[in-house]
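Right, one structure below, let's go through it.
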Amino acid sequence: MQHLVDTDNFSDAQIAQLLADARAFKAQRPPQLLRDKLLITLFFEASTRTRSSFEVAAKRLGASVVHLDPSRSSTKKGESLEDTFANLCAMEPDGVIIRHSQNDTPQILADLEMTPVINAGAGNYAHPTQALLDLFTMVEHFGGEVRGKRIAIVGDIISSRVASSGIRLLRRMGMEVLLVAPKPFMPLSDLPQYESLDEVLDRVDVVMSLRAQLERHATPIFDDYGAYATHYCIDHDRLGDRELLILHPGPVMRNIDISDAVLQDPRCKVLEQVKNGVYMRMAILKLLLLDA
Ligand code: NCD
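Quick note: the sequence shown, position 261, residue 261 per this note's numbering, numbers continuous.
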């Protein structure tokens, strides 16, 4: 049984297959390969893009999706997460898609070996489907190869599972990763670290902006995100006419992470990432439910 806890669950050949399938699905909608499959989603944290993207991907392939709303489920009555999961597995789904605030929850459930577990975001540790859709977006943008390209990840890196999964996957694919953040947002890392965004813009091919994850800070780190924006917002003054690819996993805090005007700029591929997310998740579901 194959799970997706983080992208290291996939071999290089499987990642190449995912990219090829996502590209083929984008060029031509595939037949309903997962017609007799059923997935359950279990989201313990808020989600707009990821949950709907998984559902659209599953339905495009003909699978059915059942959502369990944990705020209305028996975990609220004291049932343990493992018991809730075992009960769902007794209904014989073909996979469970889970988002949780704890880093190790997807691995704990995967280790029970009851059904394929697909991590839709865990704590600040891993968000593998986002990393894979970002990789797909860059591979497509650069015409098939990201090896040797440089990316600056900018913002609240320490809180970001998108950054952690992205860093592991993009380095593995041969990209050079630079971290750009004010000190409180900078994780412990052996990667090159910068406080100044302006210092790196001439040296990178891609800028990935991240949201300040206010809900993960026990005490507020900045009282004024206007001051943060002065240094880190991607706007036209800062960008100039550089040929950069601008990414953001969403949700974007407008004019703090990226300016209104840059969000409209063709260099900014935020909505393309969302579109690609559906194709990449279709490829992932095919791999886990059909090929594996
Ligand atoms: C992110 C998440 O939840 O990890 N969003 C996403 O899934 N695309 C990032 C965030 O919440 O800022």
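Every residue gets a Cβ at the ideal spot worked out from N, C-alpha and C, and that includes glycine.
Test item: CB-CB of Val270 and Val56 under 9 Å
The residue you call residue 270 lines up with position 270 of the sequence shown. The residue you call residue 56 lines up with position 56 of the sequence shown. Taking the C-beta atoms as reference points, Val56 is found no nearer than 9 Å to Val270.
Tell me the DSSP bridge mates of Leu38?
Within the sequence shown, numbered from 1, the residue matching residue 38 stands at position 38. As computed with DSSP, Leu38 is found in a beta bridge with Ser64.
Thinking C-alpha only, which one of Arg150, Phe54, Gln273 and Asp241 is nearest Val200?
In the sequence shown, residue 200 corresponds to position 200, counting from 1. Ranked by Cα distance from Val200, the options Arg150, Phe54, Gln273 and Asp241 are led by Arg150.
Can you tell which of Glu215, Ser209, Gly226 and Lys37 has its C-alpha closest to the C-alpha of Leu239?
Against the sequence shown, residue 239 aligns to sequence position 239. For Leu239, the nearest C-alpha among the options comes from Ser209.
Grouping DSSP H, G and I as helix and E and B as strand, with all else coil, what is Ala110?
For the purposes of this step, residue 110 is identified with residue 110 of the sequence shown, where counting begins at 1. Note: Ala110 maps to helix in three-state DSSP.
Go ahead and label Val105 buried or exposed: buried means 16 or more other beta carbons lie within 10 angstroms of its beta carbon, across all protein chains shown.
On the sequence shown, residue 105 is found 105 positions in, with the first residue counted as 1. As written in the sequence, residue 105 is Thr, which differs from the Val given in the question. The residue is buried, with at least 16 neighbouring Cβ atoms inside 10 Å.
Run through the stretch 128-163 for me and flag every whole beta strand (DSSP E) of 3 or more residues, listed as ranges in chain order.
Taking only runs of at least 3 residues, the beta strand (DSSP E) segments lying wholly in the stretch 128-163 are 150-154.
Could you tell me whether the stretch 84-98 touches the stretch 115-125, where touching means 3 or more Cβ pairs closer than 8 Å?
Short answer: they touch.
Own chain, CB closer than 8 Å to Arg23, minus 5 neighbours either side, in chain order:
Position 23 of the sequence shown, counting from 1, holds the residue named residue 23. Same-chain partners within the cutoff: Phe136, Glu140 and Tyr279.
Alpha carbon to alpha carbon, how far is Ala27 from Ser73? Give it in angstroms, no decimals.
Within the sequence shown, numbered from 1, the residue matching residue 73 stands at position 73. Within the sequence shown, numbered from 1, the residue matching residue 27 stands at position 27. C-alpha separation (whole angstroms): 40 Å.
Can you give me the C-alpha to C-alpha distance between Ile15 and Arg60, rounded to a whole angstrom?
Sequence index remark: in the sequence shown, residue 15 carries index 15 (1-based). Sequence index remark: in the sequence shown, residue 60 carries index 60 (1-based). Approximately 21 Å, taken between the alpha carbons.
Can you list, in chain order, the residues of its chain with a C-beta nearer than 6 Å to that of Asn62? Leave out the 5 residues immediately preceding and following it.
Sequence index remark: in the sequence shown, residue 62 carries index 62 (1-based). For clarity, residue 62 is Gly in the given sequence; the question names Asn instead. Excluding residues within five positions, the ones whose Cβ falls inside 6 Å are Gln32, Leu34 and Arg35.
Check Arg49 in the structure and name its three-state DSSP category.
Against the sequence shown, residue 49 aligns to sequence position 49. Taken through DSSP and simplified to helix, strand or coil, Arg49 comes out as helix.
Val154 Cβ short of 8 Å to the ligand NCD heavy atom set
The residue labelled residue 154 in the question sits at position 154 within the sequence shown. Answer for Val154: no, Cβ out of range of the ligand NCD.
Under 6 Å Cβ to Cβ from Pro192, same chain only, skipping five residues before and after it: list those, please.
Here the question's residue 192 lines up with position 192 in the sequence shown. Answer for Pro192: Leu178, listed in chain order.
Would you call Met91 buried or exposed, if buried means 16 or more other Cβ atoms sit within 10 Å of its Cβ?
The residue given as residue 91 occupies position 91 in the sequence shown. That one is exposed.
Residues in the same chain with beta-carbon distance under 6 Å from Asn103, minus the five sequence neighbours each way, listed in chain order, please.
For the purposes of this step, residue 103 is identified with residue 103 of the sequence shown, where counting begins at 1. Sequence-distant Cβ neighbours of Asn103 in its own chain, meaning closer than 6 Å and more than five residues away, are Ala122, Gly123 and Tyr125.
By the 10 Å Cβ neighbour count, where 16 or more other Cβ atoms means buried, how is Asn276 classified, buried or exposed?
Walking along the sequence shown from the start, residue 276 turns up at place 276. The C-beta of Asn276 has 16 or more other C-beta atoms within 10 Å across all chains shown, which makes the residue buried.
Residue(s) in a DSSP beta bridge with Glu176:
On the sequence shown, position 176 is the one that residue 176 refers to. Bridge partners of Glu176: Arg150.
Residues in the same chain with beta-carbon distance under 7 Å from Met186, minus the five sequence neighbours each way, listed in chain order, please.
Here residue 186 refers to the residue found at position 186 when the sequence shown is read from its first residue. In the same chain as Met186, and ignoring 5 residues on each side of it, the C-beta atoms closer than 7 Å to its own belong to Ile157, Ile158, Leu179 and Gln193, in chain order.
Should Ser71 be labelled buried (16 or more other beta-carbon atoms within 10 Å of its own) or exposed?
As a first step, residue 71 is located in the sequence shown; it is residue number 71 there, counting from the start. Around the Cβ of Ser71, a 10 Å sphere holds fewer than 16 other Cβ atoms; the residue is exposed.
So, helix, strand or coil for Ser165, using DSSP?
Numbered from its first residue, the sequence shown carries residue 165 at position 165. Three-state result, Ser165: helix.
Beta carbon of Ile167, beta carbon of Ser196: below 9 Å?
On the sequence shown, position 167 is the one that residue 167 refers to. On the sequence shown, position 196 is the one that residue 196 refers to. Taking the C-beta atoms as reference points, Ser196 is found no nearer than 9 Å to Ile167.
Test item: CB-CB of Leu245 and Val274 under 9 Å:
Along the sequence shown, one-based indexing puts residue 245 at 245. Along the sequence shown, one-based indexing puts residue 274 at 274. Not closer than 9 Å, so no.
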